[in-house]
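Quick note, the sequences are listed as chains U and P, same order. Under my numbering, the first residue of the first sequence is numbered 139, with each subsequent residue one higher. Under my numbering, the first residue of the second sequence is numbered 429, with each subsequent residue one higher. Ideal Cβ positions, reconstructed from N, Cα and C, are used throughout, including at glycine. Down below is the structure, laid out as structure tokens.
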Amino acid sequence: MEIKYLTDKKSIAPLVVFRIAFGAMMFFSTIRFWARGWITELYVKPSFYFPLMDWQWAKPLGSTGMHLLFILIAVSALCIALGFFYRIATVLFFLSFTYVELIDVTNYLNHYYFVSIVSFLLILLPANRYFSLDVRRNTSIRCLYVPAWTIGVIRLQMGIVYVFAGIAKLNYDWLIQALPMKIWLPAKSHLPLVGPLMYKTWVAYLFSWFGAIYDLFIVFFLINKKTRPIAYAFVLLFHISTAIFFPGIGMFPYVMIVGSLVFFDESVHYRILRLLGNSTVEGEEKMYYFKPPVQRSIFLLLGIYFLLQLLLPFRYLVYPNHLFWSEEGYRFSWRVMLMEKSGNTFFYVKEPASGKKYEVANNTFLTPLQEKMMSTQPDMMVQYAHYLQQVYAQKGINDPEVYADGYVALNGRPSAQYIDSTVNLAKQAVGWQHYTWILPYKHNQ
Amino acid sequence: MKKRTWMFLLVAACTSSIFYACSKGDNGGNDTGGNAPDAFKTAMLTNYADTLIIPAYTDLLAKLQALETAANTFLTSPSTNSQATLKVSFKDAYISYEKVAFAYFGPGGTAALNNSLNVFPANTKRIEAGIASGTYSFTVPVASDSIQGFPALDYLFFSTDAVTKFADAGAANRKKYVQDIVSRMKSLVTDVLSQWKTNYRAGFIANTKLDVGSSMGYIINQLAFEMDQMKGPRIGWPFGKMSGGTAYPTNCEGYYGSFSVSLAVANLTSLKNYYTGGTGRGIDDYLLLLGKSSLNSTVLARFDAAIAALQAIPEPMSASFTNSNSPYIDDAYTKIQLLLTAIKTDVASATSIRITYQDSDGD
């Protein structure tokens, strides 16, 4: 199990810089989230939520509770950055942040998933053994070196994000049709200098192909020491462009810009640390050692973890439907900004005994964002149908049945009927199984 | 190290110069119709402000002035004759309002104009209580909405024994109540119009973005929103679509004056006009610019089908809800739903404008 390459002695600096950057970024994005009123907007105001996988225990905690939870996230992020009670901070951050993400899949974003799993990895890593308050409290824990794998897992995780985002782009619409870029770019014609170019077809192709090639290969150029500086220039170019062109993606570009620093070697990281404060390299040249049984368990755990990481993006292959259409196996696969999809769904509640039919005003139960997300994601429709069944039963309707009439437009093709409107969605279950009631995607549209 | 730093700078310099050079290059290609694209959007938004929205407010203000004159004549000598004359002016003004209902953003949104002018059904009990006591306020958000505006006037002018009530013991209070409503409507519209003419217009035209809260974002969102209103409060709810078929005929727009169909037709016709931009540039031209001509044809056809279906409903709509004419309502309802889907799903998607009133990250 002790593979030499994995346990090689490496400088701790890249890990420390990653810890500080990650903690600081999470701290500021939590503050930003709060300042924009999104805690209330997304986790207090709605009357109904869509927990991931229908896990009903993942409930919002009310206004006070949610704000306290976000304080916990912010404080633990700050503690991660400062390396203060690091192990406790990473565990608390991972649990609290992940809990928030489980409450409502409406708010699912790939970079939130990234934050969750990276904070999980950080729990296992000795990133507080240098340049931290924990070291200041107890200098005996200070280490200048760590086993190579502790930095390697972060690099591998970054690599997985990039490569899978690239693989996801290898599809007909993206490469041959330049969709959705052809749709999205004209909406950016207000931009200075480049604005007039946004209507040009070749620009859409340039963006599509450049994006795909960048995602597929950037990590290999980052690994190679010779190409690393140029590769990082491309990291900056790519992510700053996406931040300008698609401000809607929020923090993601910055997370990747800062995260990609982990590929640089120690000299760069020592320079960064010197900018941040006094960081002497002198002193005992200690290396952090995991006890062999602990290290073996961690290897086993990480083995399973990365195996899952590699398998999850391909799980869509076991579903018969078109992935973008049915979204079965879509999440947790680094499919970022990949398609233009919108929908419109009308729900009807029927009382079988009387034959009475009640159309549902979705906006009484859902926020505009929830309604938008639900209208293109089948598992959310089922969750909503279960909720409507309850609500209408309480209103005195006997055995309410819930039907939906939905239309979805994918990548600019004319909207088409999305689900079988004769299926009682209240009787359907949320899960990994294939949803037979999604109508097949018509390729010739 | 030095060599790599140089290469880093080289890539950075190259990329920025590419962007710069490209933007300086030929941008008068025929795919933008010989115009720089910003000029296209600016011209379109100018058309919206100058030939659609501002004239619509100007017209409404003029119609409200005419209504005030007719109302005063009626209040001075209430009779079925003066009531009939009043009805013409009232209907004119109400129909004119249907053309500004769309512009529920900017000054109109800030003033919550639609809430004060057209929340129906009117709360007749609270209106009568206000008249009886002589104390009422039109400025309490939400609570005041249903006791003023066109729906309240509709009730006060045209409900059964409306004429006699203006001649009975409480007539003085009732007349004052009417005058208070009309003057509030006039002052709200005057204010919104003057804001459009002074400050708002320039910002509206200059904002060529398409994000949430941009001018075009408002246009698409309001088209969808007004169609939702048509499907819900104007037709679906009173028809009983939400209530298992139990109709609420008195809840329809313009119930007492019995011209609900005319109002609905005026509303949807004006939405079509906002879609096409009238004779100037509109969303239809923008779709053509984007190469979406078949979508544009679909939308136009669905507009025409929905308007025709509405026109086919016999007045009064409230009676058609429950009598043998109800299939006409069902038909119009279905066609509006199709139109709504085209706007909310296809047009929003093609223009990449989000139908939401919320700002958030998304990927």
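Contact check for U:G441 against U:Y454 fails: the beta carbons are separated by 9 Å or more. Leaving aside the five residues that flank P:K515 on each side, the residues in its chain whose CB is nearer than 8 Å to its CB run, in chain order, F585, F586, G685. P:A778 has a beta carbon lying within less than 9 Å of a beta carbon in chain U.
Taking 8 Å as the upper bound for CB-CB distance, U:G481 and U:Y556 are in contact here, some 6 Å apart. With its beta carbon less than 9 Å from one in chain P, U:E489 belongs to the interface. Taken in chain order, the unbroken stretches of alpha helix (DSSP H) that lie wholly in the stretch 474-511 of chain P and span 4 residues or more are 482-504. In this structure, P:C680 keeps its C-beta atom at 9 Å or more from the C-beta atom of P:F632.
DSSP, reduced to helix, strand and coil, places U:T236 within a helical segment of the structure shown. Counted as a single uninterrupted DSSP element, the alpha helix (DSSP H) harbouring U:Y181 occupies residues 176-181. Of all residues in the stretch 649-676 of chain P, only G660, G664, K669, M670, S671, G672, G673 come within less than 7 Å of chain U when Cβ atoms are compared, listed by chain position. By the C-beta density criterion, P:T773 is buried, having at least 16 other C-beta atoms within 10 angstroms.
In this chain, the beta strand (DSSP E) harbouring U:G544 covers 539-548. Secondary structure of U:P285 (DSSP, three-state): strand. The Cβ atoms of U:V253 and U:P189 do not sit closer than 9 Å to each other. Boundaries for U:E509: no beta strand (DSSP E) harbours it, while the alpha helix (DSSP H) harbouring it runs 506-512, taken from the DSSP string.
For U:A215 and P:S671, the gap between their C-alpha atoms comes out near 50 Å. If the five residues before and after U:I368 are omitted, its C-beta is found closer than 8 Å to the C-beta atoms of F359, all from its own chain and listed in chain order. Separation of the CB atoms of P:K659 and P:Q765 is rounded to 6 Å, and the pair is thereby assigned contact status at 8 Å. Listed along the chain, the chain U residues whose CB falls inside 9 Å of the CB of P:K469 are S327, H328. In this structure, DSSP gives U:T168 a helical state, which the three-state scheme calls helix. Within the stretch 550-574 of chain U, those residues whose Cβ lies closer than 7 Å to any Cβ of chain P are, in chain order, G550, P552, S553.
When Cβ pairs closer than 8 Å are counted between the two stretches, the stretch 755-769 of chain P is seen to touch the stretch 728-736 of chain P, the count reaching three or more. For P:L717, a Cβ of chain U is located within less than 9 Å of the residue's own Cβ. Put simply, the CB of P:D639 is near chain U, with a gap under 9 Å to one of its CB atoms. For P:K772, a Cβ of chain U is located within less than 9 Å of the residue's own Cβ. Taking CB atoms only, P:T474 has no neighbour in chain U less than 9 Å away. Excluding residues up to 5 positions away in sequence, I298 lie with their Cβ nearer than 8 Å to the Cβ of U:L448 in the same chain.
P:S574 and P:V547 have their C-alpha atoms spaced approximately 5 Å apart. In this structure the stretch 341-348 of chain U does not touch the stretch 431-441 of chain U; the number of beta carbon pairs closer than 8 Å is below three. Taking CB atoms only, U:V357 has no neighbour in chain P less than 9 Å away.
For P:D758, no chain U residue has a C-beta closer than 7 Å to its own C-beta; the minimum C-beta separation is roughly 12 Å.
Taking a C-beta distance under 9 Å as the contact criterion, P:Y683 and P:P744 qualify as a contact pair. Residues of chain P whose Cβ lies closer than 8 Å to the Cβ of U:Y545 are, in chain order, T769, T773. One alpha carbon belongs to U:L329, the other to U:T380, and they sit about 13 Å apart. The stretch 534-554 of chain P makes no contact with the stretch 504-511 of chain P: fewer than 3 CB pairs, one atom from each, lie closer than 8 Å.
Straight across, the Cα-Cα distance linking P:G708 with P:T563 is about 48 Å.
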